[in-house]
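Undergrad: Here the sequence shown stands for residues 86 to 484, numbered as in my numbering.
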Amino acid sequence: MTTTGPEHIGSNIALRRKAKGLTQHAFAARIGISSSMLTKVERGEREASHSTVAAAARVLRCTVEDLTGQPYVDNKRDKAVHADIDVLRGVLHRVDLPSDVTPRDIDAIAADVTSIEKLRRDAEYRKLAARLPALLEELFAAVLLSPDTQARRLHSLLVSVYRATHVLVHRLGFPDLAHAVEHLLAKAAAKTGDPLAGALSEWVRAQHFQDVGEYGHGLTLMAGALRDLESELRSPDSATLTVAGSLHLRAVTLAARNKDQDATREHVAAASDLARSLPTDEVHYGLVFGISNIATHETGAFVEFQDSTAALEAAQRWRPSRAMPKQRQSHHFIDLARAYHMHGDRKNALRSLQEARRIAPQQTRLHPMVRQTAALLVHDHRRSNPDLTNFAGWLGLPG
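Here is the structure:
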């Protein structure tokens with residue numbers, strides 16, 4: 086949870102590498118980058134990509150969060166969010182136990198789930214953290230007490246709430262809770278009898294493999310989920326196209342971080358084929374799919390390949406629809422900021438971070454790559470830059 090300096094990811098890597106008695110040359114070889122790149126990362130002159138951080142954590146036998154500094158509890162603005170996590174943790178431990186909660190009518194619960202889904206889409210983490218524990222307890226009670234005729238609908242509601250819970254704990258930096266929620270979501274999805282809910286659960290489960298650098302396992306998971314949807318894809322509706330397309334987009338990210346350009350291109354092409362049947366980006370099962378979200382994933386993939394020119398070209402194809410959630414819009418600008426910085430365009434890198442903040446401030450402040458890109462900008466600037474100083478202070482970065 087500590088922050089060792091403005092370039093804290095690089096600093097934390099250096100600190101742990103030295104504690105292990107590893108030379109830069111030996112360590113760089115083990116994580117698949119050059120010694121010169123490692124030197125720049127540790128000095129805060131270049132970003133540590135997602136794949137680099139995951140590889141470093143694996144070699145150093147620590148968690149990714151040990152290197153990113155999550156959870157970020159040093160910012161007063163976010164203390165309320167973190168305070169509710171202990172409550173949420175306790176509720177999740179009581180998933181199958183009787184309680185004294187009397188659940189409301191299922192339609193009333195469903196209305197609350199709809200509002201929770203909007204909070205997730207808008208990245209309103211403080212409100213999510215405050216509301217999720219009570220709603221989960223009520224759903225647990227409803228599942229235990231309601232007639233079998235309502236079981237599938239209740240489990241569908243649970244899938245939606247688990248998805249929101251997973252987004253919250255993952256973004257805050259609690260991998261143990263995220264892992265637990267992945268299993269709970271899979272169990273609930275299996276009880277819905279809905280193959281698209283099952284595919285969603287696999288999409289969520291792949292987040293773990295993506296985070297820890299086990300990209301091959303994640304790609305295997307996506308391939309299996311796509312095979313399970315083969316019958317639905319013979320005559321797909323927009324929901325099926327959205328879920329299947331999202332599986333391909335998850336595979337784009339996994340393949341890019343695995344440095345597999347051929348697989349990345351194949352999944353982009355497959356996603357693009359599906360997107361041609363949609364007039365614009367759509368949202369189903371909490372997943373966003375269409376031409377604009379493909380462009381966002383391409384941008385992020387090219388950043389992983391260290392190709393800022395291609396990343397910026399891909400970003401030009403981004404034309405978000407009204408359905409595009411704030412969470413996805415903000416994420417696009419986070420990746421765009423990384424591309425601009427890699428391209429040497431510090432001005433637009435900062436502007437992109439500011440736009441991400443305008444759209445979804447809580448997600449932006451809690452995102453490790455935002456903090457890293459801002460820290461790199463601080464390192465780069467030799468002159469006073471009030472806008473950058475303001476942004477870094479808002480993040481809680483030490484000056």
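By construction, the Cβ of each residue, glycine as well, lies at the ideal position given by its N, Cα and C atoms.
Under 8 Å, do ALA360 and HIS352 count as touching if we go by C-beta distance?
TA: Not a contact, by the Cβ cut-off of 8 Å.
Undergrad: Alpha carbon to alpha carbon, how far is SER120 from PHE390?
TA: Cα to Cα, the separation comes out at about 18 Å.
Undergrad: Does DSSP put PHE499 in a helix, in a strand, or in coil?
TA: Not covered by the structure: residue 499. The range shown for the chain is 86 to 484.
Undergrad: Is it buried or exposed for ASN378, if we count other Cβ within 10 angstroms and need 16 for buried?
TA: Buried, by the Cβ-count rule.
Undergrad: According to DSSP, is VAL373 part of a helix, a strand, or is it coil?
TA: In this structure, VAL373 counts as strand in the three-state DSSP scheme.
Undergrad: Going by C-alpha distance, which of HIS255, PRO218 and PHE259 is nearest LEU243?
TA: For the residues HIS255, PRO218 and PHE259, the minimum Cα distance to LEU243 belongs to PRO218.
Undergrad: How big is the Cα-Cα spacing for ALA271 and VAL463?
TA: Each residue's alpha carbon lies about 42 Å from the other.
Undergrad: Fully enclosed by the stretch 417-451, which alpha helix (DSSP H) runs are 4 residues long or longer?
TA: Taking only runs of at least 4 residues, the alpha helix (DSSP H) segments lying wholly in the stretch 417-451 are 431-444 and 446-450.
Undergrad: Who are GLU367's beta bridge partners in DSSP?
TA: In DSSP, GLU367 forms a bridge with PHE374.
Undergrad: CA-CA distance, HIS333 and LEU213?
TA: Rounded to the nearest angstrom, the two C-alpha atoms are 28 Å apart.
Undergrad: Suppose the cutoff is 6 Å on Cβ atoms and the five residues either side in sequence are ignored; what does the same chain contact list for HIS416 look like?
TA: Once the five neighbours on either side are set aside, HIS416 has no close Cβ partner at all.
Undergrad: Per DSSP, what kind of secondary structure is ASP358 in: helix, strand or coil?
TA: In this structure, ASP358 counts as helix in the three-state DSSP scheme.
Undergrad: On the three-pair Cβ rule with 8 Å, is the stretch 227-235 touching the stretch 107-120?
TA: No, because fewer than three Cβ pairs between the stretch 227-235 and the stretch 107-120 fall closer than 8 Å, the two stretches do not touch.
Undergrad: Using only alpha-carbon positions, find the residue among ARG143, ASP392, SER134 and TYR370 that is nearest to HIS428.
TA: For the residues ARG143, ASP392, SER134 and TYR370, the minimum Cα distance to HIS428 belongs to ASP392.
Undergrad: Would GLU367 and GLY375 qualify as a contact pair, given that the criterion is a beta-carbon distance under 8 Å?
TA: Yes, the pair counts as a contact, with Cβ atoms nearer than the cut-off.
Undergrad: Taking the alpha-carbon of ARG423 as reference, which of SER357, THR153 and HIS135 has the nearest alpha-carbon?
TA: Per the Cα distances, HIS135.
Undergrad: Check for me: the alpha helix (DSSP H) holding PRO405 runs from which residue to which?
TA: First-last for PRO405: undefined, no H or E at that position.
Undergrad: Checking 8 Å against the spacing of the C-beta atoms, do PRO260 and THR148 come in under that value?
TA: Yes, these two residues count as a Cβ contact at 8 Å.
Undergrad: Could you work out which residue in LYS105, LEU173, ILE170 and GLU132 is closest to THR153 when comparing CA atoms only?
TA: For the residues LYS105, LEU173, ILE170 and GLU132, the minimum Cα distance to THR153 belongs to GLU132.
Undergrad: In this structure, does DSSP put ARG189 in helix, strand or coil?
TA: Residue state, collapsed to three classes: coil.
Undergrad: Keeping to the same chain, check which residues put their C-beta closer than 6 Å to that of THR327; ignore five residues upstream and five downstream.
TA: So the qualifying residues of the chain are GLU367, HIS369, LEU372 and PHE374.
Undergrad: For ILE94, which of helix, strand or coil comes out of DSSP?
TA: Correct three-state label for ILE94: helix.
Undergrad: Using a Cβ-based criterion (distance less than 7 Å to any ligand heavy atom), does TYR157 qualify as near the ligand SAH?
TA: Annotation note on the ligand SAH: not contained in the displayed structure, which lists no ligands.
Undergrad: In terms of residues, what are the limits of the alpha helix (DSSP H) holding PRO453?
TA: It spans 453-465 - the alpha helix (DSSP H) in which PRO453 sits, taken as one unbroken run.
Undergrad: Identify whether MET86 lies in helix, strand or coil by the three-state DSSP scheme.
TA: Summary for MET86: the model assigns pLDDT 37, below 50, so the residue's position carries little reliability; its value from the coordinates is reported in the next sentence. In this structure, MET86 counts as coil in the three-state DSSP scheme.
Undergrad: If I measure Cβ to Cβ from ASN470 and keep anything under 7 Å in the same chain, skipping five residues before and after, which residues do I get?
TA: The answer is none, since no qualifying residue turns up.
Undergrad: Are the beta-carbon atoms of VAL252 and GLU223 separated by less than 8 Å?
TA: No.
Undergrad: Thinking just about the alpha-carbon of each residue, which of LEU257, VAL180, ALA215 and ASP207 is nearest to the one in ALA226?
TA: Considering only alpha carbons, the answer is VAL180.
Undergrad: Taking the alpha helix (DSSP H) that GLN391 falls in, what are its first and last residues?
TA: Note, GLN391: premise wrong, no alpha helix (DSSP H); not H, not E.
Undergrad: Which class does ASP197 belong to by DSSP, given the choice of helix, strand or coil?
TA: Note: ASP197 maps to helix in three-state DSSP.
Undergrad: Going by other Cβ atoms of all chains shown within 10 Å of its Cβ, with 16 needed for buried, is ASN475 buried or exposed?
TA: The residue in question, ASN475, is exposed, as its Cβ has fewer than 16 Cβ neighbours within 10 Å.
Undergrad: Between the alpha carbons of GLU92 and ARG211, how many angstroms are there, rounded?
TA: Confidence at GLU92 is low in this model, with a pLDDT of 47, below 50, so the placement of that residue is unreliable and no value is reported for it.
Undergrad: Under a three-way DSSP split, which group does SER469 fall into?
TA: It is coil, neither helix nor strand.
Undergrad: What span of residues does the alpha helix (DSSP H) with LYS212 cover, start to end?
TA: It spans 210-230 - the alpha helix (DSSP H) in which LYS212 sits, taken as one unbroken run.
Undergrad: Return the CA-CA distance between TYR157 and ARG404, expressed in angstroms with no decimal places.
TA: When rounded, the distance between both Cα atoms is 32 Å.
Undergrad: Determine whether the beta carbon atoms of GLU150 and GLY303 lie at a separation below 8 Å.
TA: No; because the gap between Cβ atoms is not below 8 Å, this pair is not in contact.
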